[in-house]
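Visitor:
Numbering (the working numbering), first residue to last: 69 to 250.
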């Protein structure tokens, strides 16, 4: 029978025979450590030490290297965001110019559309990547759980087979044959 609409749904537990998720699901691996950040296992400053100061704008500007501008195409979602921004800026700028706005005003609108289009596409792409990453983590967890279940079943089957063979061996040893050669 279906549940009533006013009752909250009952939370079902893990499937029968499920095992705990593997360690890499409970504790995600840190792939990139930025200057000033600490991996998960390291402790913060002790009582005798001062906590690190807040970064300033000059610290941020010093962290920018000239090589960063040559590797923009390697940043995830940057290409898609910039291409969308360029298209939006060109379309809006030309549209404003053809409607009758002066060139500086059309250029301002084009830059605004480029900026807004780039940011919107960048954020949309990042959200898609985050959703995909979460889905992949769920898939890995399910695959690991299935492999653990399969391994447990195989071990159980091997144990049962070994017990059956031992039992058959014991019965054969205790059972006397009904014939005698001499």
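Note that beta-carbon positions come from the ideal geometry of N, C-alpha and C, so glycine has one too.
Which word fits residue 177, buried or exposed, when buried means at least 16 other C-beta atoms lie within 10 angstroms of its C-beta?
Guide: It counts as buried.
Visitor: For residue 241 and residue 249, what's the separation of their Cα atoms in angstroms?
Guide: Approximately 17 angstroms between the Cα atoms of the pair.
Visitor: Within this structure, are the beta carbons of residue 87 and residue 226 separated by less than 8 angstroms?
Guide: Against a cut-off of 8 angstroms, the Cβ pair of residue 226 and residue 87 comes out as no contact.
Visitor: Does the beta-carbon distance from residue 149 to residue 186 come in below 8 angstroms?
Guide: Yes, the Cβ-Cβ distance between residue 149 and residue 186 is below 8 angstroms.
Visitor: For residue 169, report the span of its alpha helix (DSSP H) as first-last.
Guide: Residue 169 -> no alpha helix (DSSP H), and no H or E assigned at all.
Visitor: Output yes or no for whether 8 angstroms exceeds the beta carbon distance between residue 153 and residue 183.
Guide: Yes, the pair counts as a contact, with Cβ atoms nearer than the cut-off.
Visitor: Taking the alpha helix (DSSP H) that residue 125 belongs to, which residues open and close that run?
Guide: Here the alpha helix (DSSP H) through residue 125 covers 125-130.
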